[in-house]
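Residues 19 to 364 (this note's numbering) are what the sequence shown spells out, left to right.
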Amino acid sequence: MNIPQPAHAARLGRPRLLIVGCGDTGMHVLERLAGRRRVFALTSSPQRLPELRAAGAIPLLGNLDCPRQLARLRGLAADVLMLAPPPGQGEGDPRSRRLAAVLRRPAPKARVRPAAMGPGPRQIRHPPIVAKPRRGALAAGALTVVYASTTGVYGDARGRRLPETAPVHPASPRSRRRVDAEAAWRTPGPARARRARLGLAPWRAVVLRIPGIYGRDRLPLERLRAGLPRLAPGEDVYTNHIEIGDLARTLEAALYRGRPQRIVHAADGQDLKMGDYFDAVADAAGLPRPPSLPAAGVRAAVSPAMWSFMQESRRLDNRRLVTELRVRLRHPTVRHALDAWYRPAG
Numbered sequence: 019m020n021i022p023q024p025a026h027a028a029r030l031g032r033p034r035l036l037i038v039g040c041g042d043t044g045m046h047v048l049e050r051l052a053g054r055r056r057v058f059a060l061t062s063s064p065q066r067l068p069e070l071r072a073a074g075a076i077p078l079l080g081n082l083d084c085p086r087q088l089a090r091l092r093g094l095a096a097d098v099l100m101l102a103p104p105p106g107q108g109e110g111d112p113r114s115r116r117l118a119a120v121l122r123r124p125a126p127k128a129r130v131r132p133a134a135m136g137p138g139p140r141q142i143r144h145p146p147i148v149a150k151p152r153r154g155a156l157a158a159g160a161l162t163v164v165y166a167s168t169t170g171v172y173g174d175a176r177g178r179r180l181p182e183t184a185p186v187h188p189a190s191p192r193s194r195r196r197v198d199a200e201a202a203w204r205t206p207g208p209a210r211a212r213r214a215r216l217g218l219a220p221w222r223a224v225v226l227r228i229p230g231i232y233g234r235d236r237l238p239l240e241r242l243r244a245g246l247p248r249l250a251p252g253e254d255v256y257t258n259h260i261e262i263g264d265l266a267r268t269l270e271a272a273l274y275r276g277r278p279q280r281i282v283h284a285a286d287g288q289d290l291k292m293g294d295y296f297d298a299v300a301d302a303a304g305l306p307r308p309p310s311l312p313a314a315g316v317r318a319a320v321s322p323a324m325w326s327f328m329q330e331s332r333r334l335d336n337r338r339l340v341t342e343l344r345v346r347l348r349h350p351t352v353r354h355a356l357d358a359w360y361r362p363a364g
């Protein structure tokens with residue numbers, strides 16, 4: 019992982035942000051923040067380097083499964099968005115645990131390394147970061163991490179409305195890996211006195227539990243065109259949603275306003291059954307509504323992954339999103355977004 023730093027960057031004075039796992043959501047965050055922050059984006063795909071650079075980020079090539087590649091992230095930025103998922107197997111998230119351990123350690127001394135990206139044999143200086151005091155920071159040098167988790171950690175709540183203080187009941191290895199990742203980030207580490215002796219950074223972690231993400235280009239149109247069924251109304255489940263642009267705003271707000279070791283539901287708070295969501299998208303897009311079948315018929319027609327989502331029903335209280343992060347959603351309901359995208363102007 020080589021970190022190119024233009025010679026003029028120090029004069030810009032923009033606060034640094036590290037995005038780990040800069041996929042679709044990360045690109046929306048980058049679009050919002052690239053002009054106001056110096057954004058580093060970590061990716062494991064060399065093919066994505068030009069795309070990230072064109073979007074205004076300084077792309078970093080590295081793999082969360084290779085611990086030796088993570089050391090140079092230490093001290094790089096005072097703010098971190100951890101958007102990368104856990105591995106696809108196992109009961110825990112070693113990626114989060116490794117990265118959390120690296121970021122807690124003192125920043126390395128300045129070093130000079132040859133650049134691997136960009137033209138010419140440029141030398142790269144990698145100085146340690148000294149975070150400027152800012153509103154909401156724990157202290158000079160404090161590290162803020164926002165971790166993007168999932169509401170799947172609750173399992174099936176049988177339609178109950180859940181606050182962030184509700185106990186987790188992960189029903190799948192995928193959800194249990196997320197619970198492990200949350201613990202890795204929320205654990206404050208050693209007591210303050212021992213942290214000071216070890217030179218460890220103060221630690222502020224905010225966990226966003228994110229439901230189904232939708233957007234103008236993230237709608238189930240292919241599913242509707244394929245005619246896959248929905249659950250019959252009497253067996254349908256509550257689902258929760260957030261529009262991807264609103265999620266990007268929420269991630270940004272969490273960097274500034276998130277309380278230490280706090281969990282926040284990044285959801286619009288709308289009560290919506292899954293089948294009603296499919297019907298609303300179909301109506302807006304001018305497609306046939308999906309057939310309504312009993313659970314046994316739906317299970318036989320959909321993938322195991324989709325069926326696992328259809329077995330969990332819950333509603334989310336998003337009070338902390340509104341009162342603590344003070345996010346004003348551009349699309350407070352799915353219907354609001356669909357009307358904006360599909361209804362003719364005027």
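Even for Gly, the Cβ is constructed at its ideal location relative to N, Cα and C.
To the nearest angstrom, how far is it from the Cα of A118 to the Cα of R337? Near 28 Å, if we compare the C-alpha coordinates of R337 and A118.
For D294, the three-state DSSP class (helix, strand or coil): It is helical.
Could you check where the beta strand (DSSP E) with Y232 kicks off and where it finishes? 230 to 232 is the extent of the beta strand (DSSP E) around Y232.
Using alpha carbons as the reference points, say which of T169, L273, R353, Q65 lies closest to L334. Nearest C-alpha to L334 among T169, L273, R353, Q65: T169.
Taking the alpha-carbon of R222 as reference, which of W203, A184, R353 has the nearest alpha-carbon? Ranked by how close their Cα comes to the Cα of R222, the residues W203, A184, R353 have W203 in first place.
DSSP three-state call for G138: helix, strand or coil? Any reading at G138 is ruled out, since the residue's pLDDT is 32, under 50, leaving its predicted position unreliable.
Kindly give me the distance between the Cβ atoms of R227 and P104, rounded to whole angstroms, as I take these residues to be in contact under 8 Å. The beta carbons of R227 and P104 sit about 14 Å from each other, so the pair does not count as a contact at 8 Å.
CA-to-CA distance, P229 to R346, given in whole angstroms: Within the model, the alpha-carbon separation for R346 versus P229 is close to 17 Å.
Within the same chain, show all residues whose beta-carbon is closer than 7 Å to that of R353, passing over the 5 residues directly before and after it, in chain order. These residues qualify, in order along the chain: A298.
Below 8 Å on the Cβ atoms is my contact criterion, and I expect V120 with L273 to pass it. Report the Cβ-Cβ distance as a whole number of Å. Not really, about 20 Å apart at Cβ, beyond 8 Å.
For Y165, list the residues DSSP reports as bridge partners. Answer is M100, V225.
Unbroken beta strand (DSSP E) run spanning T183, endpoints: Note, T183: premise wrong, no beta strand (DSSP E); not H, not E.
Are the beta-carbon atoms of S331 and G93 separated by less than 8 Å? No, Cβ-Cβ distance for S331 and G93 is not below 8 Å.
Cβ pair R38, L79 closer than 8 Å: Before going on, a small fix: residue 38 reads as Val here, not Arg. Inclusion of V38 and L79 in the CB contact set at 8 Å is not warranted, their separation being larger than that value.
Which ranges would you report for the beta strand (DSSP E) in the stretch 24 to 108 if only whole runs of at least 3 residues count? For the stretch 24 to 108, whole beta strand (DSSP E) runs of length 3 or above, ordered along the chain, are 34 to 38, 56 to 61, 76 to 79, 97 to 100.
If you compare alpha carbons, which of L343, P181, A59 is closest to D42? Of L343, P181, A59, the residue nearest in Cα terms is A59.
Helix, strand or coil for H354? Go by DSSP, reduced to three states. DSSP places H354 in helix when its eight states are reduced to three.
Short of 6 Å in beta carbon distance, which residues of its chain neighbour Q279, apart from the five on each side in sequence? Order them along the chain. Closer than 6 Å at Cβ, skipping near neighbours: R204, A223.
Pick from P64, P68, R234, A73: whose alpha carbon is nearest that of L379? Outside the shown range of the chain (19 to 364) lies residue 379, about which nothing can therefore be said.
Which residues does DSSP list as the beta-bridge partners of S310? Looking at the DSSP assignment, S310 forms a beta bridge with R248.
Rounded separation between V47 and A102 - CA only: C-alpha separation (whole angstroms): 14 Å.
Let me know if A266 comes out buried or exposed under the rule of 16 or more other beta-carbons within 10 Å of its beta-carbon. Result: buried.
For L305 and A95, what's the separation of their Cα atoms in angstroms? Their backbone Cα atoms lie some 46 Å apart in a straight line.
Among the residues of its own chain, which have a CB less than 6 Å from the CB of P181, if the five just before and after it don't count? Within the same chain, D335 come within 6 Å of P181 by CB-CB distance, once the 5 residues on both sides are set aside.
Could you check what DSSP says for R333 in three-state terms: helix, strand or coil? Three-state DSSP puts R333 in a strand.
Own chain residues within Cβ distance below 6 Å of L36, not counting five before or after: Once the five neighbours on either side are set aside, the close Cβ partners of L36 are F58, L94, A95, V98.
If you drop the 5 nearest sequence neighbours on each side, which residues of the same chain put their C-beta closer than 7 Å to that of R32? The answer, listed in chain order, is R54, R55, R56.
With a 10 Å radius around its C-beta and 16 neighbouring C-beta atoms as the bar for buried, classify G245 as buried or exposed. By the neighbour-count criterion, in which 16 or more other beta carbons inside 10 Å mark a residue as buried, G245 falls on the exposed side.
Leaving out five residues before and five after S190 in sequence, what residues of the same chain have Cβ atoms less than 7 Å from its Cβ? For S190, the CB contacts under 7 Å within the same chain, skipping 5 residues up- and downstream, are S326 in chain order.
From D301 to R307, what does the alpha carbon distance come to, in whole angstroms? Counting only the Cα atoms, R307 lies some 7 Å from D301.
Straight-line CA distance for L242 to K291? Computed Cα separation, rounded: 16 Å.
Who does I260 pair with in a DSSP beta bridge? Paired residues: I231.
Taking the straight line between their C-alpha atoms, what separation do you get for E261 and P362? Looking at the two C-alpha atoms, the distance is approximately 20 Å.
Classify R131: buried if its beta carbon has 16 or more other beta carbons within 10 angstroms, exposed otherwise. Since pLDDT at R131 reaches only 42, below the 50 mark, its modelled position is unreliable, and the value read off the structure follows with that caveat. The residue in question, R131, is exposed, as its Cβ has fewer than 16 Cβ neighbours within 10 Å.
Contact under 8 Å by Cβ, L7 with P77: With the chain represented from 19 up to 364, any question about residue 7 goes unanswered, as that position is not in the structure.
Residues that H283 bridges to, as DSSP identifies them: H283 pairs with R227.
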